Structures are given as C-alpha cells and as structure tokens.
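Asks: Sharing a structure with you now.
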Amino acid sequence: MQIIPLENTLYMLIPIVIVGYFYYKWIYDAKEIAYASLRMFSQLLLIGYVLEFLFQSGSLYLGVFIVLFMVSVSSLIALRSLKKKGLVEYFHVFGAIAIGGTFNLMIVLALVLDLESLYVPMVMIPLAGMIYANAMNAVAICAERFEHESLSHDYEKARFFAFKAAMIPQVNVLLAVGLVSLPGMMTGQILSGISPLIAARYQIVVMAMVLGSAGISAILFLIWQKNKI
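For the working numbering, count along the sequence shown from 1 and bump the result up by 1.
What follows is the structure in structure tokens.
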C-alpha cells in the first residue's frame, strides 16, 4: 500500500482553507473550522503513537480504558447541541452510546470474526472507534431533535421526528453504498491488495454494525426520555 509522507498530508489544507473561507463569509465564524481541523490533525497524529504503544503492549486494562475514554468523550460531544446539559442528560447519552455500541461490538468480536481471543487490540480498537462514533452522531441528532420537538409535541410525536432524523444518515449510507460510494474500510482493504469480494464482506459487517449501534443507541436514549415531557 502506498505510504503517504507526513509532509504530503499538508496539501489537504487547500480544501480545508477553501471551506473555512466560505464558513467565515457565510456563517461569520472564523474559528470553528480552523479549531476543528487543528484538533483533527493533532488528535490523529497523537492517536497513531498511542495505538502503536497499545498494539505492542497488548494490555487488556489499557484497552478497556481506551474504550471507556471513547464513550466518555463521544458522550460529551453528543451533548454539544443540547440546551440542557445536566448530569442526567449526560448519563442518558453515555448509557445509550455505551450499551448500543458495546452490544454491536461484542456481536462482531464474538460471533462474526474468527479470533483466537475477544481482545485483539488492532481489531477491537478500530472497530470500537467506528461503532461509538456512529452511535454518538445518531444520539446527537436524536437528542437535539427530540429536545426541539418536545416543546410543541407529546412524547410519541417528538420520538417519531427524533428517531426518523437520527436514522436518515444511516439509511442513506445503506442505500448509497456500492452505487455512489466505496466506504472507508472497503477502500482501504482494496488499496492494501485484498480481494474486493473479501473486502465487500467486511464492509457488509461494518455497515450492519454501524446501523445497529446507531439505531439501538438512539432507541435507548428515546426510551429514557419518556417521563421528561
């Protein structure tokens, strides 16, 4: 697989600068894109070093800590769009992401993949990252929409709008995959020389995993909101 020199990644600043310029001109915010991009670059470079150490150490305790850290941070990010950000809201988001994501992660590790052990860091950590990130996005959309709709609708109507909104990106991805886009895992495997047929099987697992974790997390969050209206 082609190795990208570190300095070559700087060329990707060109489209970021273009987007940032129009974000500033149209939304009047000069900092958000720059801040988010800087965090993305620094966080990915840092996590590269962390994963190198994690893969070499093979420590189960460190792996569990990384997973808990993922869930904790994703829960904080999911709360950004809510006006009310108390401990109750945080634990609802945390619980939804943790349970919905971990349930799907365990199915993949225990039943789908033929692993010698459930804990293989180079398998579990990347899968956990994909799962919890998608659960985070679904819960964030669901929570924001539910909070808005609950101001003018009863629980069932607010739940309808919130769950539908959370599922639109997930369903769109399922409809488009293979026809409009080749997703990241499949593309990466093909670039590394793996047969497209094998790569397709892995991508099917990932797409089902993403839909399941997002959907179950959103369902749990909405169930826990029933008595709040």
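Glycine is no exception: its CB is placed at the ideal position from the N, C-alpha and C atoms. Since the structure is predicted, the reported quantities are computational estimates derived from the model, not experimental observations.
Could you give the distance in angstroms between the alpha-carbon of residue 30 and the alpha-carbon of residue 38?
Replies: So the alpha carbons of these two residues sit roughly 14 Å apart.
Asks: Shortest alpha-carbon distance to residue 227 belongs to which of 177, 169, 191, 161?
Replies: The shortest C-alpha separation from residue 227 is found at 161.
Asks: Based on Cα-Cα distance, which residue from 45, 191, 199, 69 lies nearest to residue 132?
Replies: Closest option to residue 132, Cα to Cα, is 69.
Asks: For residue 59, does the count of other Cβ atoms within 10 angstroms reach 16, so buried, or fall short, so exposed?
Replies: Its Cβ having fewer than 16 others within 10 Å, residue 59 is exposed.
Asks: Measuring alpha carbon to alpha carbon, tell me which residue in 81, 104, 75, 112 is nearest residue 95.
Replies: Of the listed residues, the one whose Cα sits closest to residue 95 is 75.
Asks: What is the DSSP secondary structure of residue 178, counted as helix, strand or coil?
Replies: In this structure, residue 178 counts as strand in the three-state DSSP scheme.
Asks: Following the continuous alpha helix (DSSP H) through residue 197, name the residue where it begins and the one where it ends.
Replies: From DSSP, the alpha helix (DSSP H) with residue 197 extends over 197-225.
Asks: Would you check if there are 3 or more beta carbon pairs closer than 8 Å linking the stretch 203-213 to the stretch 76-85?
Replies: The stretch 203-213 is not in contact with the stretch 76-85.
Asks: Measuring CB atoms only, is the stretch 97-116 touching the stretch 39-53, in the sense that at least three cross pairs come out at less than 8 Å?
Replies: Output reads no: the stretch 39-53 does not touch the stretch 97-116.
Asks: Is the separation between the beta-carbon of residue 78 and that of residue 218 shorter than 7 Å?
Replies: Cβ distance not < 7 Å, so residue 78 and residue 218 don't count as in contact.
Asks: Quick check on the DSSP output: the alpha helix (DSSP H) that includes residue 26 runs from which residue to which?
Replies: Taken as a continuous stretch (DSSP letters only), the alpha helix (DSSP H) holding residue 26 covers 14-28.
Asks: State the Cα-Cα distance for the pair residue 120 and residue 24, rounded to the nearest angstrom.
Replies: Their backbone Cα atoms lie some 42 Å apart in a straight line.
Asks: Could you give the residue range of the alpha helix (DSSP H) that holds residue 149?
Replies: Residue 149 -> alpha helix (DSSP H) spans 122-150.
Asks: Just to check my reading of the structure: residue 221 and residue 101 have Cβ atoms closer than 8 Å, yes? What is that Cβ distance to the nearest angstrom?
Replies: Going by Cβ atoms, the distance from residue 221 to residue 101 rounds to 6 Å, so yes, they are a contact pair.
Asks: For residue 187 and residue 201, what's the separation of their Cα atoms in angstroms?
Replies: Rounded to the nearest angstrom, the two C-alpha atoms are 6 Å apart.
Asks: Determine the contact status of residue 135 and residue 214, defining contact as a CB-CB distance below 7 Å.
Replies: Yes, they are a contact pair.
Asks: What's the call for residue 146, buried or exposed, on a 16-neighbour Cβ count within 10 Å?
Replies: The residue is buried, with at least 16 neighbouring Cβ atoms inside 10 Å.
Asks: Is it true that the CB of residue 64 sits closer than 7 Å to the CB of residue 127?
Replies: Not a contact, by the Cβ cut-off of 7 Å.
Asks: Ignoring anything shorter than 4 residues or poking outside the stretch 46-117, list the alpha helix (DSSP H) runs there in chain order.
Replies: DSSP runs (the alpha helix (DSSP H)) wholly in the stretch 46-117: 61-79, 88-108.
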